[in-house]
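Engineer: Just so you know, the protein sequences line up as chains A and B, in that order.
To convert, count from 1 in the first sequence and add 7; that's our numbering.
To convert, count from 1 in the second sequence and add 5; that's our numbering.
Yeah, the Cβ is synthetic: ideal placement off N, Cα and C, and Gly gets one too.
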Amino acid sequence: MKSNVSAAVLSLVIEQPSVGASVCRRFETRYHGLLGSGRQHIYDTLARLVRQGLLERVPRDLLDALEGDDGRGPTADGYRATARGARAYRGWLTEPVEPSKLSRQETLIRLASTQPNDRATALALIDRYEQVILRLMQETALEAGNLMDELVADERTDFAQAELRWVQRTREKLGGL
Amino acid sequence: MAALLELEGVTHRWPPGGCGRRERLALRDLTLAVAPGELVGVWGTRHSGRSTLLLVAAGMVRPSEGAVRFDGRPLARAPMLGVRGGIGCCDRVFDPVIADTAIEHVAAPLLSGAVSDREAERAAYDQLERVGAADLAELEPADLDPAEALRVGLARATIARPRLLVVDEPTTAVRAAQERPLLSLLHSFAREERIAVLMTADDAAALAGVDRALSLSRGVLRGGAPAPAPAADAAPRGRGAPAGDPAGDGLPAGRVVPLPLPLREGR
């Protein structure tokens, strides 16, 4: 999947088949500070995912637990994932994350996109992220070339320390060892 | 390359203690191989099992389950702690029964029948110089700050020319400005003398530039990238050395036993 917004939208629909307005509301709540996207962009994403065969439209009255007004008329269709969409979502969740400080954002987006009862996937994400942080430190030179290099190395070390502790806390909350 | 140290399927349970303390599972089915000259850092918080890992790796504690091998031989049958060309364990505990001053503590592991007091003291001074602590030679351990105590501990742990050095939390209680020089010293043992180093830390700073960074949590070890191939031009100390001299330093092989002999001769 090319974009994290697409994957996030797909994950929300997998979690609960919904009309567009509901997807927009849940997107804003769940990805606040992680992904920025306007409502029109989310509707465009939903339409693109349908064209790609990852989502399909279903009549609103067939969906359970639909909430709120879509703003596009009371009879607006809802969305649900196709089997292909579910496979694409799983593939995206398990993609390797490259070691960089951006990997934190990537991991948090995937964690937020993990289904709430899927602790095994969340633990696997956390394990992979820990490996990224360990590699980051492995690749951090002990001997800094100059003062600025040293300051950057210090920041990277503090970042790694905080992230390793976060990984451990998260693992404990997920019930992992 | 064949591993120098191998832990295979190691589980360790500390038995129930006093005051109603329950049995504690410290290591869970842990497997680790350390190559000659490899620098391995293990990050873990308190109660993660990191100290138990080092005790087991050094052969000071026999695991409840699993195998620990050094040079392919089970540590349970052939202890290598303190043996020339074996395992050196660095800590910052200095028993006043063994010796008074830093140099006496460093020399103590050499004081067996094969090495005279004078030779041992000379070797201890050289080793203190090697770790940047020659000026601490006549101080007592109580006068050392944590960084100085670590340097003296490292001199003591490496005086018998080990091929594996285990170090628990080298930067704990050390001032920030002193961390890098201490870690550089540990790196130099691996890079220059081909001593494999296995260290644990609760500070990510200790993982900078290591060959392999691992984490330990509730006794579960999570591995990093495989160790890189060692540099072709860096021969291990013991390579090519006669069978009776595994460290390749011209001193006889065999177990060295610390003796509480005072060292008062001049250098």
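Which bits of chain B does A/THR147 rub up against, with CB to CB less than 7 angstroms?
Structural biologist: Within 7 angstroms Cβ-Cβ: ALA213, GLY214.
Engineer: Once you ignore the five residues that flank A/VAL65 on each side, which residues in its own chain have a CB closer than 8 angstroms to its CB?
Structural biologist: Cβ within range, chain order: PRO24, ASP84, GLY85, TYR86, ARG87.
Engineer: In chain order, what are the residue ranges of uninterrupted alpha helix (DSSP H) at least 4 long that sit wholly in the region 68-117 of chain B?
Structural biologist: Fully enclosed alpha helix (DSSP H) runs of 4 or longer: 107-112.
Engineer: Beta carbons nearer than 9 angstroms to chain B: which residues of the region 149-175 of chain A have them?
Structural biologist: Listed by position, the residues of the region 149-175 of chain A near chain B (Cβ gap below 9 angstroms) are LEU149, GLU150, ALA151, GLU157, ALA160, ASP161, ARG163, THR164, ASP165, PHE166, ALA167, GLN168, ALA169, GLU170, LEU171, ARG172, VAL174, GLN175.
Engineer: Thinking just about the alpha-carbon of each residue, which of A/GLN145, A/SER13, A/VAL104 is nearest to the one in A/LEU42?
Structural biologist: With distances taken between Cα atoms, A/LEU42 lies closest to A/SER13.
Engineer: Would the region 103-113 of chain B and the region 28-46 of chain B be scored as touching if the rule is three or more Cβ pairs under 8 angstroms?
Structural biologist: Verdict: no, contact absent.
Engineer: Based on DSSP bridge pairs, tell me the residues matched to B/ASP173.
Structural biologist: Answer is B/THR205.
Engineer: Answer with buried or exposed for B/GLU143, where buried requires no fewer than 16 other C-beta atoms within 10 angstroms of its C-beta.
Structural biologist: Classification for B/GLU143: exposed.
Engineer: Within this structure, are the beta carbons of B/GLU184 and B/ASP207 separated by less than 8 angstroms?
Structural biologist: No. Outside cutoff.
Engineer: Which stretch, first to last residue, makes up the alpha helix (DSSP H) that contains A/MET96?
Structural biologist: The residue you asked about is not Met; residue 96 of chain A is Tyr in the sequence shown. Segment 90-100, the alpha helix (DSSP H) holding A/TYR96.
Engineer: Taking 8 angstroms as the cut-off, decide whether the C-beta atoms of B/THR57 and B/HIS17 are in contact.
Structural biologist: Yes, the pair counts as a contact, with Cβ atoms nearer than the cut-off.
Engineer: Would A/LEU17 and A/LEU61 be called neighbours here (beta carbons separated by less than 8 angstroms)?
Structural biologist: Yes; because the gap between Cβ atoms is below 8 angstroms, this pair is in contact.
Engineer: So which residues of chain B does A/ARG178 contact, with C-beta pairs closer than 7 angstroms?
Structural biologist: Going along chain B in sequence order, the residues near A/ARG178 (Cβ under 7 angstroms) are SER222.
Engineer: What would DSSP say about B/VAL179, mapped onto helix, strand or coil?
Structural biologist: Residue state, collapsed to three classes: coil.
Engineer: Kindly indicate which residue of B/TYR130, B/ALA209, B/TRP48 has the alpha-carbon position closest to the one of B/THR163.
Structural biologist: Looking at the Cα atoms, B/TYR130 is the closest of the given residues.
Engineer: Please identify, using Cβ separations under 9 angstroms, the residues of the region 123-141 of chain A that lie next to chain B, in order along the chain.
Structural biologist: Of all residues in the region 123-141 of chain A, ASP134, GLU137, GLN138, ILE140, LEU141 have a Cβ within less than 9 angstroms of some Cβ in chain B.
Engineer: If we define contact as Cβ-Cβ less than 8 angstroms, is B/THR50 a contact residue for chain A?
Structural biologist: Interface residue, yes.
Engineer: Determine contact between the region 117-125 of chain A and the region 145-161 of chain A, defined as no fewer than three beta-carbon pairs at a distance below 8 angstroms.
Structural biologist: The region 117-125 of chain A is not in contact with the region 145-161 of chain A.
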